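Numbering (the working numbering), first residue to last: 126 to 436.
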């Protein structure tokens, strides 16, 4: 079992994944193309931020590749790992957020990343550590049970070669991570989330990261095709914008990637590309009882065993 990371192989995969996802989203949209914005970071490294705006299907989609490094880890990365305080570090990943135009098409997020750090060990030598993280999750506004079932079945397929328990563990981690404590609700219907993964050795951990990354498009695009042409009106649009406000709240209050990026001196525009182009808030708004909007709250914004309940 290899424990030595092959950073070059990770970088090659992540760049190819970005290309593949962007090409598939352009094909699904049919009208707009991604703008590529390459950038460098003064502290070290850089990336390629690609943004599609005002498409026929996607109001905004951002797919970001980054490969950055620094001499000292920020506080957000060492709060739970005090032994790494002062360590030099490298992080690379692909992250994306897609905000569709039609309220019946869910917003979605995916991320796969690799991190390594090197710091002084107790004996004075340089002690290195590394880990993988990532996942994908779905945030519908007007959910369909068949879509949620497809999403979680695909997530389970991504995990299946790595152990029967992996899907359940990383599904539960997703439910706990993408939770708005101040609203007492999940951000959406979940998916997968994992972090600090290194106990399987590099080769198996990297294979799992690739499986998660490779299953994103099969999980999301069939939902897009089913819902993108459904008719909607101003009521659905306004509810979509209101619920997008929850997305903003989570990313700015809780998201570890956002905190790490800003605290480590990352590129602000690339970090905040996850935010929707339009959103709204309304004071103490409550859905009308028995409405489709109320059903989102009562039936979907809580952890559930989707595969057992909907199969």
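Backbone N, C-alpha and C fix where the C-beta goes; we use that ideal spot for every residue, glycine too.
Note that this is a predicted model, so its numbers are computed, not measured.
Residue closest to residue i, alpha-carbon to alpha-carbon, out of the options
i, options, result
"residue 280", "141, 148, 404, 339", "339"
"residue 313", "341, 431, 365, 426", "426"
"residue 157", "165, 186, 164", "186"
"residue 142", "235, 229, 195, 366", "235"
"residue 262", "412, 196, 254, 295", "295"
"residue 324", "257, 417, 277", "257"
"residue 287", "300, 301, 331, 401", "331"
"residue 371", "393, 217, 305", "305"
"residue 356", "167, 267, 151", "267"
"residue 265", "365, 214, 191", "365"
"residue 223", "233, 149, 412, 191", "233"
"residue 140", "172, 404, 152, 198", "172"
"residue 166", "275, 195, 302", "195"
"residue 67", "136, 193, 374", "Since the displayed the chain opens at 126 and closes at 436, residue 67 lies outside it and no answer follows."
"residue 190", "178, 198, 136, 151", "136"
"residue 350", "435, 432, 225, 297", "225"
"residue 134", "168, 432, 327", "327"
"residue 432", "270, 413, 390", "270"
"residue 333", "392, 414, 360, 282", "282"
"residue 321", "254, 197, 161", "254"
Secondary structure of residue i, DSSP reduced to three states
i, result
"residue 144", "helix"
"residue 406", "coil"
"residue 307", "coil"
"residue 347", "helix"
"residue 129", "coil"
"residue 173", "strand"
"residue 191", "strand"
"residue 135", "helix"
"residue 179", "coil"
"residue 159", "coil"
"residue 355", "coil"
"residue 298", "helix"
"residue 235", "strand"
"residue 196", "coil"
"residue 338", "helix"
"residue 151", "helix"
"residue 167", "coil"
"residue 324", "coil"
"residue 216", "strand"
"residue 436", "coil"
Cβ-based neighbour list, residue i, same chain, cut-off 6 Å, excluding 5 preceding and 5 following
i, result
"residue 154", "180, 181, 182, 183"
"residue 379", "none"
"residue 353", "182, 227, 230"
"residue 188", "143, 146, 147, 175, 221"
"residue 131", "none"
"residue 284", "291, 292"
"residue 238", "218, 258, 259"
"residue 348", "272"
"residue 163", "173"
"residue 100", "Residue 100 lies beyond the stretch modelled for the chain, which goes from 126 to 436, so this question has no answer here."
"residue 429", "none"
Chain-order list of residues whose beta-carbon lies under 8 Å from that of residue i (same chain, five-residue window excluded)
i, result
"residue 249", "Summary for residue 249: the model assigns pLDDT 45, below 50, so the residue's position carries little reliability, and this model does not support an answer."
"residue 405", "363, 366, 367, 369, 370"
"residue 407", "367"
"residue 403", "184, 366, 369"
"residue 375", "303, 305, 312"
"residue 151", "157, 158, 159, 177"
"residue 436", "274"
Near the ligand GTP: residue i beta-carbon under 7 Å from a heavy atom
i, result
"residue 360", "The ligand content of the structure shown is nil, which means the ligand GTP is not present either."
Contacts around residue i, its chain only, beta-carbon distance under 7 Å, and the 5 residues preceding and following it disregarded
i, result
"residue 299", "260, 262, 315, 316, 317, 318"
"residue 335", "138"
"residue 149", "342, 346"
>> At 4 residues or longer, what runs of the alpha helix (DSSP H) sit wholly inside the stretch 254-290?
In response: 270-284
> What are the start and end residues of each continuous alpha helix (DSSP H) run of 4 or more residues lying completely inside the stretch 368-433, in chain order?
Replying inline: 381-388, 393-396, 417-420
> Would the stretch 365-381 and the stretch 331-350 be scored as touching if the rule is three or more Cβ pairs under 8 Å?
Replying inline: no
> Can we say the stretch 304-313 touches the stretch 412-431, given the rule of at least three CB pairs closer than 8 Å?
Replying inline: yes
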